[in-house]
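Student:
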Amino acid sequence: MPAVDPERARLFAVDVVRRLREAGFEALWAGGCVRDRLMGLEPKDYDVATDATPEQVRDVFGRRRTLALGAAFGVITVLGPAGAGQVEVATFRRDLGYSDGRRPDRVTFCGAREDAMRRDFTINGMFFDPLAERVVDYVDGRADLARRVVRAIGDPAARIGEDKLRMLRAVRFASTFQFTLDPDTLAAVHGHASELTVVSAERIGAELRRMLVDRNRRRAVELLASTGLLVVVLPELNSFVPSVADCSAIDVSAAAWQATLAILDHLRTERFSVALAALMRAAFSPNSGHPPDLGLVCRRLRLSVADHKEAGFLLKHEATIRAARSTPWPQLQRILIRDRATDLLELARAIATVVDGHTADVDYAADRLAQAPEILNPPPLISGDDLRPLGIPSGPAYRRILDTVRDAQLDGQIDSPAAALALAARLAAPQGDTP
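Residue numbers (the numbering used here): 21 to 455.
Here it is as structure tokens:
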């Protein structure tokens, strides 16, 4: 998919409003793009709300330039020119019933004010007229932006009852923008946290990803914990996450929790697998007793196989990197030549800063990783094909001999194929037959 140019996207979103107005309909920008614009941020995408029905929207823009995938909820996607992306055009609507705790059972069309009142938070409930450069605010969203508050529109319990995912979204908005949660909204999230399980695992996993890749991930995790959502999303952390009443307790689990928060704070990467490993690390420590199955965690949250493999690699080897100076070079080298070694050093550095009080071992590993490829990972001197003429039967012995020869090469004990074959022959000879 071609990259979207922010200026082309904005101009296209203005044009969508203009064309709907020219056709006789009301049309306004809506939701997150309005919030971002008022905060001085570049909107990631644009949504338009209108009193035109889905069929009328398609009539305005043509069938070839529109997609009706969300027509049941009054949403039509309008495709823009090259580099402009697409705009979702939604008919002003009132949602009726949320029997699954996520999607409206049915919708009826209405006016702009009623449409605003069915949205989640005041900072997301504003409209903007890009032709008149005018904010249309029925929910006091602009005031809450100024106060830096995330507040549900209307009754917080009712908004959460309609869509349980809003609890995670409240936390994400508060942490990403460094806002506070309105007390009534916070109380509603805390009171309904256990009901998050009705939301699909994909949606929960996606929200967790968005929080952990953000630079304010520590704040997100703290809010998840204080609202009770974290142990619903990751019950494997239950013994390490203090309850609100026990946050000041001085014990092993509280120390591990505070270390986890500090490690998350020290990360400088946007890679999800690194942040996930940092968050899960306490559960995998030697003091945890029964470490969880990371594969089960990832499958439950519908995370990718790559997420599982990367986080598992990081958790397995971070302690070795933090002891790099006392680790035999062949062992360290095998780790450093792996994919995601840079991510491993990022995680190890954050942990070492918090737990060890120094990063000397991580610095040593980083220096070794920076070596020229022919030094860091020189080609093996021999392969399995070279062992066959020695009469060594194929099987586990091959791997043992090749690994030992490779270690000797990396340690500088041998430096030629001839020396490698000689060592292999000695290793393959029955005990007592070697000279």
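Glycine included, each C-beta is placed from N, C-alpha and C at the ideal position. Model, not experiment: these values are computed from the prediction.
Opposite Val68 in the DSSP bridges: which residues?
Tutor: On the sequence shown, residue 68 is found 48 positions in, with the first residue counted as 1. For Val68, which the question treats as bridged, DSSP gives the partners Trp49, Val109.
Student: Only counting the same chain, and skipping five residues up and downstream in sequence, which positions put a Cβ closer than 7 Å to that of Cys318?
Tutor: Sequence index remark: in the sequence shown, residue 318 carries index 298 (1-based). Asp327, His328.
Student: In the DSSP output, what is Phe147 paired with across the bridge?
Tutor: Counted from its first residue, the sequence shown places residue 147 at position 127. DSSP output for Phe147 lists Ala50, Val156 as bridge partner(s).
Student: In chain order, what are the residue ranges of uninterrupted alpha helix (DSSP H) at least 4 long that sit wholly in the stretch 369-433?
Tutor: Entirely contained in the stretch 369-433, the alpha helix (DSSP H) runs reaching 4 residues are, in chain order, 380-389, 393-396, 404-407, 416-430.
Student: Rounding to the nearest angstrom, what Cα-Cα distance links Leu334 and Phe292 in this structure?
Tutor: Residue 334 sits at position 314 when you count from the first residue of the sequence shown. Residue 292 sits at position 272 when you count from the first residue of the sequence shown. When rounded, the distance between both Cα atoms is 12 Å.
Student: If we count the other Cβ atoms within 10 Å of its Cβ and call it buried at 16 or more, is Gln353 buried or exposed?
Tutor: Translated into positions along the sequence shown, residue 353 becomes position 333. Gln353 is buried by the Cβ-count criterion.
Student: By the DSSP assignment, the beta strand (DSSP E) with Ala88 in it spans what residues?
Tutor: Taking the sequence shown and counting its residues from 1, the one referred to as residue 88 is at position 68. Start and end: 86-90.
Student: Where does Ala265 fall in DSSP's three states?
Tutor: Residue numbering aside, residue 265 sits at position 245 when the sequence shown is read from its first letter. Residue confidence for Ala265 is low, a pLDDT of 41 falling below 50, so the modelled location carries little weight; the figure read from the coordinates is stated next. Reduced to three states, the DSSP call for Ala265 is helix.
Student: Buried or exposed for Pro416, please, with buried defined as at least 16 other CB atoms from any protein chain shown within 10 angstroms of its CB.
Tutor: Counting from 1 along the sequence shown, the entry for residue 416 is found at position 396. Result: exposed.
Student: Among the candidates Arg113, Ser259, Gly105, Phe148, whose CA atom is the shortest distance from the CA of Phe304?
Tutor: Counting from 1 along the sequence shown, the entry for residue 304 is found at position 284. Ranking the options by Cα distance to Phe304, first place goes to Ser259.
Student: Distance, Cα to Cα, Leu447 vs Ile421?
Tutor: Residue numbering aside, residue 447 sits at position 427 when the sequence shown is read from its first letter. Residue numbering aside, residue 421 sits at position 401 when the sequence shown is read from its first letter. Between Leu447 and Ile421, the C-alpha separation is close to 7 Å.
Student: Report yes or no: do three or more beta-carbon pairs, one from the stretch 72-86 and one from the stretch 158-169, lie closer than 8 Å?
Tutor: Output reads no: the stretch 158-169 does not touch the stretch 72-86.
Student: Closer than 6 Å by C-beta to Glu330: which residues in its own chain qualify, once you throw out the five before and the five after it? Chain order, please.
Tutor: Taking the sequence shown and counting its residues from 1, one reaches residue 330 at position 310. Ser293, Arg360.
Student: Measuring alpha carbon to alpha carbon, tell me which of Leu244, Pro311, Trp277, Arg238 ends up nearest Arg288.
Tutor: Residue numbering aside, residue 288 sits at position 268 when the sequence shown is read from its first letter. The residue with the shortest Cα to Cα distance from Arg288 is Arg238.
Student: Check whether the stretch 238-247 touches the stretch 276-288, taking contact to mean three or more Cβ pairs, one atom from each stretch, closer than 8 Å.
Tutor: The answer is yes - the stretch 276-288 touches the stretch 238-247, with three or more Cβ pairs under 8 Å.
Student: If contacts are defined as beta-carbon pairs under 8 Å, then Phe147 and Ala43 qualify, I think. What distance do you get, rounded to the angstrom?
Tutor: For the purposes of this step, residue 147 is taken as the residue at position 127 of the sequence shown. For the purposes of this step, residue 43 is taken as the residue at position 23 of the sequence shown. Not quite, the Cβ-Cβ distance comes to about 18 Å (not below 8 Å), so this is no contact.
Student: Taking the alpha carbon of Arg320 as the point to measure from, which residue in Arg179, Leu407, Phe45, Pro255 has its own alpha carbon closest?
Tutor: Taking the first residue of the sequence shown as 1, we reach residue 320 at position 300. Closest option to Arg320, Cα to Cα, is Pro255.
Student: So the alpha helix (DSSP H) Val209 belongs to, where does it begin and stop?
Tutor: The residue labelled residue 209 in the question sits at position 189 within the sequence shown. Its alpha helix (DSSP H) spans residues 203-212.
Student: Do the CB positions of Ala47 and Arg41 come within less than 8 Å of each other?
Tutor: In the sequence shown, the residue the question calls residue 47 occupies position 27. In the sequence shown, the residue the question calls residue 41 occupies position 21. Yes, they are a contact pair.
Student: Going by beta carbon distance, what residues of the same chain come within less than 7 Å of Cys130, once the five residues before and after it are set aside?
Tutor: For the purposes of this step, residue 130 is identified with residue 110 of the sequence shown, where counting begins at 1. Around Cys130: Phe112, Arg113, Arg114.
Student: Compute the Euclidean distance between the alpha carbons of Asp383 and Arg154, then round it to the nearest angstrom.
Tutor: The count along the sequence shown starts at 1 and reaches residue 383 at position 363. The count along the sequence shown starts at 1 and reaches residue 154 at position 134. Using only the alpha carbons, I get a separation of about 54 Å.
Student: Going by DSSP, what residue range makes up the alpha helix (DSSP H) through Leu316?
Tutor: Here residue 316 refers to the residue found at position 296 when the sequence shown is read from its first residue. Segment 314-320, the alpha helix (DSSP H) holding Leu316.
Student: How far does the alpha helix (DSSP H) with Thr73 in it reach, from first residue to last?
Tutor: Here residue 73 refers to the residue found at position 53 when the sequence shown is read from its first residue. Here Thr73 belongs to no alpha helix (DSSP H), and DSSP marks it neither H nor E.
Student: Let's see if you can read the secondary structure: which residues bound the alpha helix (DSSP H) around Pro347?
Tutor: Counting from 1 along the sequence shown, the entry for residue 347 is found at position 327. Looking at the sequence provided, one finds Thr at residue 347 rather than Pro. Looking at the DSSP string, Thr347 is not in any alpha helix (DSSP H), and its letter there is neither H nor E.
Student: Could you check whether Leu443 and Val425 sit closer than 8 Å to each other, using their CB atoms as the reference points?
Tutor: To locate residue 425, count along the sequence shown from 1; it is residue 405. To locate residue 443, count along the sequence shown from 1; it is residue 423. Yes, they are a contact pair.
Student: Can you check which of these residues, Phe199, Asp387, Glu182, Thr379, is closest to Ala208 by C-alpha distance?
Tutor: In the sequence shown, the residue the question calls residue 208 occupies position 188. Of the candidates Phe199, Asp387, Glu182, Thr379, the one whose C-alpha sits nearest the C-alpha of Ala208 is Glu182.
Student: Is it right to say Gln429 is buried, meaning 16 or more other beta carbons lie within 10 angstroms of its own, or is it exposed?
Tutor: In the sequence shown, the residue the question calls residue 429 occupies position 409. The residue is buried, with at least 16 neighbouring Cβ atoms inside 10 Å.
Student: Roughly how many whole angstroms lie between the Cα atoms of Asp381 and Arg301?
Tutor: Mapped onto the sequence shown, residue 381 falls at position 361. Mapped onto the sequence shown, residue 301 falls at position 281. Each residue's alpha carbon lies about 19 Å from the other.
Student: For the putative contact between Leu441 and Ile412, defined by C-beta atoms under 8 Å, what is the C-beta separation to the nearest angstrom?
Tutor: Reading the sequence shown from its first residue, position 421 is the one you call residue 441. Reading the sequence shown from its first residue, position 392 is the one you call residue 412. Not confirmed; about 11 Å, so no contact.
Student: Which class does Phe129 belong to by DSSP, given the choice of helix, strand or coil?
Tutor: Here the question's residue 129 lines up with position 109 in the sequence shown. In this structure, Phe129 counts as strand in the three-state DSSP scheme.
Student: Where Arg322 and Thr142 are concerned, what is the direct C-alpha to C-alpha distance, given to the nearest angstrom?
Tutor: On the sequence shown, residue 322 is found 302 positions in, with the first residue counted as 1. On the sequence shown, residue 142 is found 122 positions in, with the first residue counted as 1. So the two alpha carbons sit approximately 31 Å from each other.
Student: For Arg171, tell me which candidate among Asp157, Ser220, Phe199, Asp65 has the shortest Cα-Cα distance.
Tutor: In the sequence shown, the residue the question calls residue 171 occupies position 151. Arg171 has its Cα closest to that of Phe199, out of Asp157, Ser220, Phe199, Asp65.
Student: Taking all protein chains shown into account, do 16 or more other C-beta atoms lie within 10 angstroms of the C-beta of Ile357, making it buried, or fewer, making it exposed?
Tutor: Taking the sequence shown and counting its residues from 1, one reaches residue 357 at position 337. When all chains shown are included, Ile357 counts as exposed.
Student: In whole angstroms, what separates the C-alpha of Ala439 from that of Asp406?
Tutor: Along the sequence shown, read from residue 1 onward, the residue named residue 439 stands at position 419. Along the sequence shown, read from residue 1 onward, the residue named residue 406 stands at position 386. Between Ala439 and Asp406, the C-alpha separation is close to 12 Å.
Student: So does the stretch 361-368 actually touch the stretch 338-348, counting three or more Cβ pairs closer than 8 Å?
Tutor: Yes, the stretch 361-368 is in contact with the stretch 338-348.
Student: Please state if the CB of Ala213 and the CB of Thr247 are separated by a distance shorter than 8 Å.
Tutor: Locating residue 247 in the sequence shown gives position 227, where the first residue counts as 1. Locating residue 213 in the sequence shown gives position 193, where the first residue counts as 1. Yes, they are a contact pair.
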